[in-house]
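Using mature numbering (1 follows the signal peptide of the UniProt record, and there is no 0), the letters of the sequence shown map in sequence onto residues -22 to -1, 1 to 107.
Where a beta carbon is used, it is the ideal one built from N, C-alpha and C, also for glycine.
Just so we're clear, the structure is a prediction, and the values are computed from it rather than from any experiment.
Working notes, structure below.
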Amino acid sequence: MTRLLTLAFAAMFLLVPRLALAQDAQAGKRVFNKCTACHAVGPNAPNKIGPELNGLFGRTAGSVEGYTYSPANKRSGITWTEETFATYIKDPRGTIKGTKMVFAGIRNEQEVRDLTAYLQSFGADGQPE
């Protein structure tokens, strides 16, 4: 019995970190509520105070048509990946000195992963993928 409990505990211990790393786009939609004052996603998403975020991943920073970026953002050289986005969203002003983005950041790792999953669910045309 002790051996069985030990194996069960070990299996649970190994599974928990994997679950913690999971991305949840539905939870990310709720996290995106922190962003909606300035950004939009989806079909016909407009640029607002910040650029629309359709097709963000793989895009070069400062490249959304019709949006006026800060010089710092345009010359940042960033291509948005999960890693660059996670760094940026945790501390926008610390990541790109001189960015126009006035946002305290999202530091909760799970919220960042969930937000990433939500944003990845939109293609460049704003259609769900």
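Pick from 74, 89 and 105 that is closest to residue 4, judged by C-alpha positions
Reading the sequence shown from its first residue, position 26 is the one you call residue 4. Selected option, being the one with the closest Cα: 89.
Range covered by the alpha helix (DSSP H) that runs through residue 148
Limits of the chain in this structure are -22 at one end and 107 at the other, which puts residue 148 out of reach.
Is residue 65 helix, strand or coil by DSSP?
Position 87 of the sequence shown, counted from the start, is the residue given in the question as residue 65. The answer is helix: DSSP assigns residue 65 an H, G or I state.
Please list, in chain order, all residues of the same chain as residue 65 whose beta carbon is under 7 angstroms from its beta carbon, the five residues on each side excluded.
Within the sequence shown, the letter at position 87 stands for residue 65. Within the same chain, residue 65 has close Cβ partners 73.
Do the CB positions of residue 47 and residue 40 come within less than 8 angstroms of each other?
Translated into the one-based positions of the sequence shown, residue 47 becomes position 69. Translated into the one-based positions of the sequence shown, residue 40 becomes position 62. Cβ distance < 8 angstroms, so residue 47 and residue 40 count as in contact.
How is residue 81 classed by DSSP in three states: helix, strand or coil?
Taking the first residue of the sequence shown as 1, we reach residue 81 at position 103. Residue state, collapsed to three classes: coil.
Could you check where the alpha helix (DSSP H) with residue 96 kicks off and where it finishes?
Translated into the one-based positions of the sequence shown, residue 96 becomes position 118. Run containing residue 96: 87 to 98, per the alpha helix (DSSP H) assignment.
With a CB to CB cut of under 7 angstroms and the five nearest residues on each side skipped, what residues in its chain are close to residue 21?
To locate residue 21, count along the sequence shown from 1; it is residue 43. Result list for residue 21: 104 and 105, in chain order.
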